[in-house]
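Just so we're aligned, residue 69 is where the sequence shown starts under the numbering used here, counting upward by one. Have a look at the structure below, then the notes.
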Amino acid sequence: MPSLIDLHIHLPGTVRAATLQELADKNSVALPLPAADLYPRINSDPTEAERSHGPWFPLLRVYELISDSLQTREDFARVVFEALEDGQRDSDLCYAELAFSPSVHMQNGVAYGEMAAGIADGLSRARSELGVDGRAIAAVNREDTAAVAEQMVQTVIDNPSDDIVGIGLDFYELAGFPEKFAAAFQLAGRHGLHRTAHAGEHAPTAATVATALDVLGCDRIDHGYQILRDPQLVERCAEQGTIFNIAFTTSRRALLQWRRESVAGMVAGGLHVTVNSDDPSLFPTTLRREMKIAAEVIPDKDQSWLLNNSVNATFLDAEDKSELRARVFGD
Numbered sequence: 069m070p071s072l073i074d075l076h077i078h079l080p081g082t083v084r085a086a087t088l089q090e091l092a093d094k095n096s097v098a099l100p101l102p103a104a105d106l107y108p109r110i111n112s113d114p115t116e117a118e119r120s121h122g123p124w125f126p127l128l129r130v131y132e133l134i135s136d137s138l139q140t141r142e143d144f145a146r147v148v149f150e151a152l153e154d155g156q157r158d159s160d161l162c163y164a165e166l167a168f169s170p171s172v173h174m175q176n177g178v179a180y181g182e183m184a185a186g187i188a189d190g191l192s193r194a195r196s197e198l199g200v201d202g203r204a205i206a207a208v209n210r211e212d213t214a215a216v217a218e219q220m221v222q223t224v225i226d227n228p229s230d231d232i233v234g235i236g237l238d239f240y241e242l243a244g245f246p247e248k249f250a251a252a253f254q255l256a257g258r259h260g261l262h263r264t265a266h267a268g269e270h271a272p273t274a275a276t277v278a279t280a281l282d283v284l285g286c287d288r289i290d291h292g293y294q295i296l297r298d299p300q301l302v303e304r305c306a307e308q309g310t311i312f313n314i315a316f317t318t319s320r321r322a323l324l325q326w327r328r329e330s331v332a333g334m335v336a337g338g339l340h341v342t343v344n345s346d347d348p349s350l351f352p353t354t355l356r357r358e359m360k361i362a363a364e365v366i367p368d369k370d371q372s373w374l375l376n377n378s379v380n381a382t383f384l385d386a387e388d389k390s391e392l393r394a395r396v397f398g399d
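Below, the structure is given as structure tokens:
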């Protein structure tokens, strides 16, 4: 089986329960339950029947606890390495682009340079010990103000790193629509940073996808399922070859079937998608499992088609992209 690529994977969502417990204890972060018991209790939208079997914890609440527990360069290095180690073990991962949220950690008193150095350390170790490559994406927290987002992007620009190659737009979509962050994304574009954004995931409109492309200048879209509400936008994105980084598994369990149907509709409409793990430790899932779901949902598109999309969508330069393609396809 070929090696796989993961382009939509959040660093907090990769943290092992055992690692969270150790880091929380070390950094004096109080968890509501032991981490091993907390993870199975992640459910962002429990049904009425499920509520009686609580407690449940929204995904973003657990994100917050994990983020609070990452406080040193060594902490970041550890979780980055473990993310790639787990991906290789579970899914024969060969390349990933890990999203992290600098402003969340900076608000906790962690200097940007500290987290960036830790991420670089973890990626370097994974390359040397595992043969797994990776890059990082500094994601805007859409709950932040436009000014905070722009300052975060400026911080990334002021601290250039070969390992941090782009910016994203993360967290709950309804908390901040993409146009709010136009200045931040345009600043990133002027300085050569790649751009992606969560769009068309929770907001019941295709307009957020159009805004992410036309106003933010995104190179690709994370999720994007709501694009099916606008057939003209589907046709346009199909013609332009816009790539959508999808994931089938979510903490909103009521949406699992809807996601499968949406991805099938996207591919039927001519859209290019990649398959990713999103938050593998928290859902839980693996990239290999997501690829197996893809084989069921879009059986007329084989794994080579998906992986070719993934290579094309990476934020690598032409030379590195060519090397990755050769590794995946054995060319």
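Built from N, CA and C at the ideal position, the CB exists for glycine as well.
Annotation for Thr87: the continuous alpha helix (DSSP H) segment containing it runs 85-94. A Cβ-Cβ separation of about 7 Å places Gly236 in contact with Asp290 under the 8 Å criterion. His291: not part of any alpha helix (DSSP H); member of the beta strand (DSSP E) spanning 288-291, first to last residue. Three or more Cβ pairs drawn from the region 189-209 and the region 134-149 lie within less than 8 Å of each other, which places the two stretches in contact. In the structure shown, Asn376 adopts helical secondary structure according to DSSP, grouped into three states.
If the five residues before and after Ala306 are omitted, its C-beta is found closer than 7 Å to the C-beta atoms of Gly337, Gly338, Leu339, all from its own chain and listed in chain order. Under a 10 Å Cβ-count criterion, Phe397 is classified as exposed, with fewer than 16 other Cβ atoms of the shown protein chains found around its own Cβ. The same chain holds no residue with a CB closer than 6 Å to that of Leu101 once the five nearest residues on each side in sequence are set aside. Under the three-state reduction of DSSP, Ala104 is assigned to helix. In the structure shown, Tyr240 adopts coil according to DSSP, grouped into three states. If you look at Glu165, you'll find it in the beta strand (DSSP E) that goes 161-168.
Judged by DSSP in its simplified three-state form, Ile232 adopts strand.
Counting only runs of at least 3 residues, the region 298-386 fully encloses the following beta strand (DSSP E) elements, listed from N- to C-terminal order: 311-314, 340-343.
Counting C-beta atoms within 10 angstroms of its own C-beta, Gln175 has fewer than 16 neighbours from the protein chains shown and is therefore classed as exposed. Assigned with DSSP and collapsed to three states, Phe125 falls in strand. A direct Cα-Cα distance of roughly 6 Å separates Ala274 from Gly268. 7 Å or more divides the Cβ of Glu90 from the Cβ of Arg141.
Between Thr342 and Asn377, the C-beta spacing is below 7 Å. Taking C-alpha positions only, Arg395 is separated from Leu384 by approximately 14 Å. Taken atom to atom, the span from the alpha-carbon of Ser192 to that of Thr115 is near 43 Å. Within the model, the alpha-carbon separation for Ala250 versus Ala214 is close to 8 Å. It is roughly 10 Å from the alpha-carbon of Val283 to the alpha-carbon of Lys248. If you compare the alpha carbons of Asp238, Asn313, Pro348 with that of Thr382, the shortest gap goes to Asn313. Nearest to Val379 by alpha-carbon distance, out of Asp368, Glu391, Lys94, is Glu391. Per DSSP, Gly181 is one residue of the alpha helix (DSSP H) stretching across 180-198. The Cβ atoms of Arg288 and Gly244 lie no closer than 7 Å to each other.
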